[in-house]
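Taking it in order: structure first as structure tokens, then the write-up.
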Ligand code: ATR
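Numbering (the working numbering), first residue to last: 166 to 446.
Right under this line is the structure:
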């Protein structure tokens with residue numbers, strides 16, 4: 166069998182997903198293609214997606230800005246994707262198109278690999294900065310792991326409140342403005358930057374000041390272009406531990422590949438290679 170896989174999004178020319186999945190195919194000893202299916206926002210998404218579905222695809226990834234829009238074009242979604250309300254992986258099996266979300270588990274896997282200690286204390290105090298689609302997936306993953314204290318700081322309070330609704334009665338989530346988070350930063354064990362602020366070309370931007378950061382904290386940023394964002398740079402200067410965003414990209418791909426092929430490919434050894442690839446661009 167030859168797998169036909171791909172990526173839908175815009176813009177995606179710079180994406181390293183083709184490289185990651187080619188590595189997985191080689192490691193798995195499988196034959197396949199992973200093609201770029203860029204859909205320009207000026208084009209009709211519905212028509213483009215139906216054309217892709219009429220080609221011989223076994224599955225594809227979906228990235229910005231289509232993780233929500235794809236939902237109307239699927240036959241079903243798994244429970245995770247349904248709760249998160251976003252799809253990054255589509256599987257075509259027995260004529261049916263099923264949406265999945267592997268971003269949240271990719272993030273959790275990468276955090277667990279680098280900072281297993283945080284998972285030993287479910288009362289660890291966590292702050293999510295930002296309340297977009299990425300934050301929703303990460304909040305969902307942290308809840309699944311049993312963390313109880315997960316605050317959300319966002320410019321728009323209502324978006325943060327909508328995410329907090331995922332929690333149950335045991336979850337303790339305070340919603341706050343970005344300025345309040347800056348002042349309380351020293352109280353958190355883990356701070357996760359979930360927006361695209363600081364991404365190339367705006368590399369000097371940071372969403373909040375880290376002046377009050379405690380050196381025992383872990384600071385995580387989902388941005389991976391550049392690998393070491395200004396946010397992470399400032400965090401390490403303050404003596405905190407840092408967690409890089411490119412590892413989330415790698416592990417979400419690992420789970421997507423497993424959904425398509427039923428093969429789980431070890432990816433730990435690809436972290437450094439991926440980092441070099443991203444740095445070399
Ligand atoms: P995604 O789905 O990729 O996470 P999104 O849903 O557009 O993207 O969310 C973007 C996040 O970045 C939001 O938390 C947004 O804050 P608002 O909810 O207030 O819009 C945040 N964000 C984007 N630009 C920002 C800025 N200049 N200052 C502060 N927050 C910003």
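All residues carry an ideal CB built from backbone N, CA and C; glycine is no exception.
Check: Exposed or buried, residue 185, counting other C-beta atoms within 10 Å across all chains shown (16 or more means buried)?
Finding: Sequence index remark: in the chain shown, residue 185 carries index 20 (1-based). Counting every other CB atom within 10 Å of its CB across the protein chains shown gives residue 185 a total of 16 or more, marking it as buried.
Legend entry - Own chain partners of residue 340 with C-beta closer than 7 Å, once the 5 adjacent residues on each side are dropped: Here residue 340 corresponds to residue number 175 of the chain shown, with the count starting at 1. Contacts found: 317, 322, 325, 326 and 329.
At a threshold of 7 Å, does residue 289 count as lining the ligand ATR (C-beta to nearest heavy atom)? The count along the chain shown starts at 1 and reaches residue 289 at position 124. Because no heavy atom of the ligand ATR lies under 7 Å away, the Cβ of residue 289 does not count as near it: no.
- Task: Give a yes or no on contact between the stretch 349-363 and the stretch 298-305, applying the rule of three or more CB pairs nearer than 8 Å.
- Result: Yes, they touch.
message: Strictly by DSSP, which residues pair up with residue 225?
response: Taking the chain shown and counting its residues from 1, the one referred to as residue 225 is at position 60. Answer is 171 and 255, bridged to residue 225.
- Task: Pull up the distance between the alpha-carbon of residue 439 and that of residue 387, whole angstroms please.
- Result: Indexing the chain shown from 1 puts residue 439 at position 274. Indexing the chain shown from 1 puts residue 387 at position 222. Their backbone Cα atoms lie some 15 Å apart in a straight line.
Would you say residue 219 touches the ligand ATR, meaning its beta carbon is less than 7 Å from a heavy atom?
Residue 219 sits at position 54 when you count from the first residue of the chain shown. Answer for residue 219: no, Cβ out of range of the ligand ATR.
Problem - In DSSP terms, what residue 381 is bridged to - result: Reading the chain shown from its first residue, position 216 is the one you call residue 381. Looking at the DSSP output, residue 381 sits in no beta bridge, so it has no partner there.
(Q) Taking the straight line between their C-alpha atoms, what separation do you get for residue 400 and residue 199? (A) Along the chain shown, read from residue 1 onward, the residue named residue 400 stands at position 235. Along the chain shown, read from residue 1 onward, the residue named residue 199 stands at position 34. Rounded to whole angstroms, residue 400 to residue 199 spans 36 Å at the Cα level.
Residue ranges of each beta strand (DSSP E) run of no fewer than 3 residues wholly in the stretch 246-311, ordered along the chain?
-> Whole beta strand (DSSP E) segments, 3+ residues: 254-258, 261-265 and 290-294.
Margin query: Using only the alpha-carbon positions, how far apart do residue 204 and residue 178 sit?
Written below: For the purposes of this step, residue 204 is identified with residue 39 of the chain shown, where counting begins at 1. For the purposes of this step, residue 178 is identified with residue 13 of the chain shown, where counting begins at 1. Rounded to the nearest whole angstrom, the CA to CA distance from residue 204 to residue 178 is 11 Å.
*Counting pairs of Cβ atoms below 8 Å between the stretch 279-299 and the stretch 396-412, do you hit three or more?*
Look at the beta carbons and you see the stretch 279-299 touching the stretch 396-412: at least three pairs across the two are nearer than 8 Å.
Exercise. What are the boundary residues of the beta strand (DSSP E) that residue 355 is part of?
Worked result: Walking along the chain shown from the start, residue 355 turns up at place 190. Per DSSP, residue 355 is one residue of the beta strand (DSSP E) stretching across 355-358.
Below 7 Å, is the gap between the Cβ of residue 324 and the nearest heavy atom of the ligand ATR? As a working mapping, residue 324 is identified with position 159 in the chain shown. Relative to the ligand ATR, the beta carbon of residue 324 is positioned inside 7 Å of a heavy atom.
Item checked: Buried/exposed call for residue 411, threshold 16 Cβ in 10 Å -> Numbered from its first residue, the chain shown carries residue 411 at position 246. Around the Cβ of residue 411, a 10 Å sphere holds 16 or more other Cβ atoms; the residue is buried.
- Would you call the stretch 367-384 and the stretch 214-227 touching, i.e. three or more CB-CB distances under 8 Å? Result no; under three Cβ-Cβ pairs closer than 8 Å.
Exposed or buried, what is residue 291 when buried is set at 16 or more other beta-carbons lying within 10 Å of its beta-carbon? Within the chain shown, residue 291 is the residue found at index 126, counting from 1. The residue is buried, with at least 16 neighbouring Cβ atoms inside 10 Å.
* To do: Compute every distance between the C-beta of residue 260 and the non-hydrogen atoms of the ligand ATR, then say whether any falls below 7 Å.
  => To locate residue 260, count along the chain shown from 1; it is residue 95. The answer is no for residue 260.
Checklist entry - Taking the C-alpha atoms as reference points, what is the distance between residue 211 and residue 196? => result To locate residue 211, count along the chain shown from 1; it is residue 46. To locate residue 196, count along the chain shown from 1; it is residue 31. Approximately 30 Å, taken between the alpha carbons.
ask   = For the stretch 169-203, which segments carrying the alpha helix (DSSP H) assignment without a break, of at least 4 residues, lie completely within its bounds, in sequence order?
value = Fully contained in the stretch 169-203 are the following alpha helix (DSSP H) runs of length 4 or more, in chain order: 182-193.
message: Rounded to the nearest angstrom, what separates residue 332 and residue 425 at their Cα positions?
response: As a first step, residue 332 must be located in the chain shown, where it is residue number 167. As a first step, residue 425 must be located in the chain shown, where it is residue number 260. Rounded to whole angstroms, residue 332 to residue 425 spans 30 Å at the Cα level.
- request: On the DSSP bridge assignment, give the partners of residue 241 in chain order.
  value: To locate residue 241, count along the chain shown from 1; it is residue 76. Paired residue(s): 263.
Between the C-alpha atoms of residue 221 and residue 381, what's the straight-line distance to the nearest angstrom? Position 56 of the chain shown, counting from 1, holds the residue named residue 221. Position 216 of the chain shown, counting from 1, holds the residue named residue 381. If I take the Cα positions, the gap works out to 51 Å.
Report task. Using three-state DSSP, classify residue 435 as helix, strand or coil. Result -> Position 270 of the chain shown, counted from the first residue, corresponds to residue 435. In the three-state DSSP reduction, residue 435 falls in the helix class (H, G or I).
- When 346, 398, 389 and 442 are compared against residue 366, the one with the closest alpha-carbon: Here residue 366 corresponds to residue number 201 of the chain shown, with the count starting at 1. Residue 389 is the option with its Cα nearest to residue 366.
Inter-residue spacing [alpha-carbon to alpha-carbon] between residue 262 and residue 343: Counting from one through the chain shown, the residue named residue 262 turns up at place 97. Counting from one through the chain shown, the residue named residue 343 turns up at place 178. If I take the Cα positions, the gap works out to 39 Å.
Notebook entry, point to check: Relative to the C-alpha of residue 208, which residue among 174, 240 and 219 is closest?
Noted result: Working through the chain shown from its first residue, we reach residue 208 at position 43. Per the C-alpha coordinates, the member of 174, 240 and 219 positioned closest to residue 208 is 174.
- Quick one: is the Cβ of residue 368 within less than 7 Å of any heavy atom of the ligand ATR? As a working note, residue 368 is residue 203 in the chain shown. No.
Within the same chain, show all residues whose beta-carbon is closer than 8 Å to that of residue 192, passing over the 5 residues directly before and after it, in chain order. On the chain shown, residue 192 is found 27 positions in, with the first residue counted as 1. Sequence-distant Cβ neighbours of residue 192 in its own chain, meaning closer than 8 Å and more than five residues away, are 430 and 431.
**Item:** For residue 406, three-class secondary structure by DSSP
**Value:** Here residue 406 corresponds to residue number 241 of the chain shown, with the count starting at 1. It is a strand residue.
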